[in-house]
Ligand SMILES: Cc1cc2nc3c(=O)[nH]c(=O)nc-3n(C[C@H](O)[C@H](O)[C@H](O)COP(=O)(O)OP(=O)(O)OC[C@H]3O[C@@H](n4cnc5c(N)ncnc54)[C@H](O)[C@@H]3O)c2cc1C
């Protein structure tokens, strides 16, 4: 049902023309051999796999869902075979360290692959994507022994991974978690407790499942400072790293939920389950943040992936479906009515999706490239600057792209009219699947607090200042170019206005801390528009080159940049008003009076 073709031309535009990825990789020793051809080839193969193997299972997974019987979880028909093919083709190891069997490609390509997988089948993609997150956390914080035993299996995809944070009483506030870890004499631990909402917690795709679990030691202080991180495998590994005895970590049930039906969301019960600590006692959240930060960008790619696939289907429908005539007279006189793409309001819906998905892609791939530079650039100062930018922008990738994903999948459904609302058209699945992305991995409200509270104000605006320098220097340079003023003038003004707003909120928050929470969601969207404005202006600059004047790809880029600045970027004006209105209009009403 429906269609998905990986948007390779636009991915190439982002990688080669906007980001000049090949030149950037040449500076990074592990990736210096990465050629444009190789990158294109990987995306081509990934696109084929996604369209031929994963996309056909998307609707089946949604209809059938996962099955639970006596603690055993079975994935929808076709998922197991698809996972075997996924492994055989080497996709799990693409962006992993060759020391553990990986292919050593950069994060940038890993995240581009994630976009493709998520467009084709988000529920399926979650099994390997969490595995990659577990790999990243263990690679950063595991002991040599833990790395030797677990990493090759996670990299090959023979074993999959999960993250077990949430408990019934501990969601956004992990300081409330109760799962206990008792030390054993042999250096291992015994874990007891219940985790809920564990994605891919139990299933039939892999030989073993490696749970990364947050728990509290007997003497761990209350709150987030008393949390440690543990590996709790479904089957204990033997000394030579193969599957051994069954551990006491069992799936109690799976959730019936709004979307991503093909992914098992599990209640996981642990009763004296054998575990090993990762990293330092009581510093589990820091270790888990490696997985969480990677996963936050990954959830941004889910929002982007859903936007892309919904847009492709809405666009195809809008060209096919005929209703009424264009107000300016017939555009398809041989047909009984004009295709709905002639109507301005349908174009508004399509262009909103196009502008958010293409702008979002440029922004997200850039952050992924910054991640590669923060890991591998030979100059320590560059690494530090890139780390700061990644830290600042991770909550923005997560929340801005997933909020836009909800907006855009709804608009895509709207383009189908009633045929979108009934299940037959398949558009409802994109709306339902995209909805979770604003909730898990830290709700978007929590992301906004992280951005404004921790990443901007606590840091005295240093990281924001770094971003401002990048945007301002582009504006200064590009505003000299013919035809660029319509883009650079509003973009340049936005940087200054955000800096001003930041100072105002910082000042007000000293008297009244609630001011931060009250402004945070608006503030995050402002920074999101700063980024999309930056990339749409950069795209326009490329498209304005006279040599592209009659090339349809660049003509469309320029028109979309103009649409973005005229109709989406303008949201910033109301965001400033709302952010400045302060906390009192939110907090004046007593809870009882609602
Ligand atoms: C399908 C699915 C899959 C999931 N997968 C996993 C997984 O693999 N592993 C895992 O550990 N968890 C997983 N989760 C859990 C998910 O991460 C949590 O649901 C999420 O972090 C929010 O926690 P909560 O549901 O308890 O909501 P709450 O924390 O109760 O939040 C409720 C509302 O209050 C807001 N809120 C809370 N605190 C604040 C605050 N301080 N300031 C402002 N607003 C606030 C939130 O933004 C939200 O809108 C999954 C959840 C679902 C539904």
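In the working numbering, the protein residues as written are 19 to 612. For glycine and all other residues, C-beta sits at the position ideal for the given N, C-alpha and C.
Near ligand 1: residue i beta-carbon under 7 Å from a heavy atom
i: residue 180; result: yes
i: residue 191; result: yes
i: residue 215; result: yes
i: residue 374; result: no
i: residue 458; result: yes
i: residue 454; result: yes
i: residue 416; result: no
i: residue 230; result: no
i: residue 278; result: yes
i: residue 546; result: no
i: residue 275; result: yes
i: residue 242; result: no
i: residue 183; result: yes
i: residue 461; result: yes
i: residue 271; result: no
i: residue 147; result: no
i: residue 440; result: no
i: residue 467; result: yes
i: residue 245; result: no
i: residue 358; result: no
i: residue 283; result: yes
i: residue 224; result: no
Cβ shell of residue i (< 7 Å), same chain only, five flanking positions each side left out
i: residue 272; result: 84, 86, 91, 282, 283 and 284
i: residue 6; result: No answer is possible for residue 6: the residues shown for the chain start at 19 and end at 612.
i: residue 593; result: 540, 543 and 544
i: residue 62; result: 26
i: residue 256; result: 262
i: residue 586; result: 370 and 373
i: residue 537; result: 470, 523 and 597
i: residue 605; result: 532
i: residue 218; result: 144, 145, 148, 178, 180, 281 and 282
Selection from the options that minimises the alpha carbon distance to residue i
i: residue 306; options: 323, 154, 339 and 398; result: 154
i: residue 14; options: 580, 406, 205 and 445; result: Outside the shown range of the chain, which is 19 to 612, sits residue 14, and nothing can be said about it.
i: residue 28; options: 588, 520 and 373; result: 373
i: residue 109; options: 64, 448 and 77; result: 64
i: residue 571; options: 35, 19, 426 and 344; result: 35
i: residue 75; options: 267, 393 and 142; result: 142
i: residue 124; options: 162, 49 and 166; result: 49
i: residue 529; options: 574, 600, 549 and 596; result: 600
i: residue 82; options: 347, 175 and 279; result: 279
i: residue 221; options: 378, 95, 591 and 23; result: 95
i: residue 101; options: 60, 144 and 127; result: 144
i: residue 390; options: 107, 115 and 104; result: 115
i: residue 590; options: 24, 551, 214 and 103; result: 551
i: residue 584; options: 393, 209, 366 and 139; result: 366
Residues that residue i bridges to, as DSSP identifies them
i: residue 200; result: 208
i: residue 361; result: Beta-bridge pairing links residue 361 to no other residue.
i: residue 268; result: 287
i: residue 226; result: 177
i: residue 580; result: Looking at the DSSP assignment, residue 580 forms no beta bridge with any residue, so it has no partner.
i: residue 213; result: 286
i: residue 114; result: Answer is none; residue 114 lacks a bridge partner.
i: residue 251; result: 228
i: residue 86; result: 91
i: residue 355; result: Note: residue 355 sits in no beta bridge, so no partner.
i: residue 44; result: None, per the DSSP bridge assignment.
i: residue 185; result: 188
i: residue 245; result: 301
i: residue 295; result: 248
i: residue 350; result: For residue 350, which the question treats as bridged, DSSP gives no partner whatsoever.
i: residue 601; result: Paired residues: none, contrary to the question.
Residues near residue i by beta carbon distance below 6 Å, same chain, minus five either side
i: residue 194; result: 187 and 188
i: residue 201; result: 207
i: residue 321; result: 419, 420, 423 and 455
i: residue 554; result: 377, 579 and 582
i: residue 560; result: 35
Own chain residues within Cβ distance below 8 Å of residue i, not counting five before or after
i: residue 309; result: 151, 152, 154, 155, 181 and 230
Q.
Does the segment 520 to 536 come into contact with the segment 467 to 483, if we say contact requires no fewer than three beta-carbon pairs (one atom in each stretch) closer than 8 Å?
A. With three or more CB-CB distances shorter than 8 Å, the segment 520 to 536 counts as touching the segment 467 to 483.
Q | At least 3 beta-carbon pairs within less than 8 Å: the segment 505 to 516 vs the segment 480 to 493 | A | Look at the beta carbons and you see the segment 505 to 516 touching the segment 480 to 493: at least three pairs across the two are nearer than 8 Å.
(Q) Under 8 Å: do the segment 442 to 450 and the segment 462 to 474 share three or more Cβ pairs, one atom per stretch? (A) In the pairwise beta carbon analysis, the segment 442 to 450 is classified as not touching the segment 462 to 474: fewer than three pairs are separated by under 8 Å.
Q. Counting Cβ pairs, one atom from each stretch, are 3 or more of them under 8 Å apart for the segment 350 to 359 and the segment 381 to 398?
A. Under the 8 Å Cβ criterion, the segment 350 to 359 does not count as touching the segment 381 to 398, having fewer than three qualifying pairs.
Q | Cβ contact (3+ pairs, closer than 8 Å) linking the segment 423 to 434 and the segment 331 to 346 | A | Touching, per the Cβ criterion.
(Q) Check whether the segment 396 to 411 and the segment 421 to 430 are in contact - that is, three or more C-beta pairs closer than 8 Å. (A) Counting Cβ pairs under 8 Å, fewer than three are found: no touch.
Q) Does the segment 170 to 177 come close enough to the segment 320 to 331 to have 3 or more Cβ pairs within less than 8 Å? A) With fewer than three CB-CB distances shorter than 8 Å, the segment 170 to 177 does not count as touching the segment 320 to 331.
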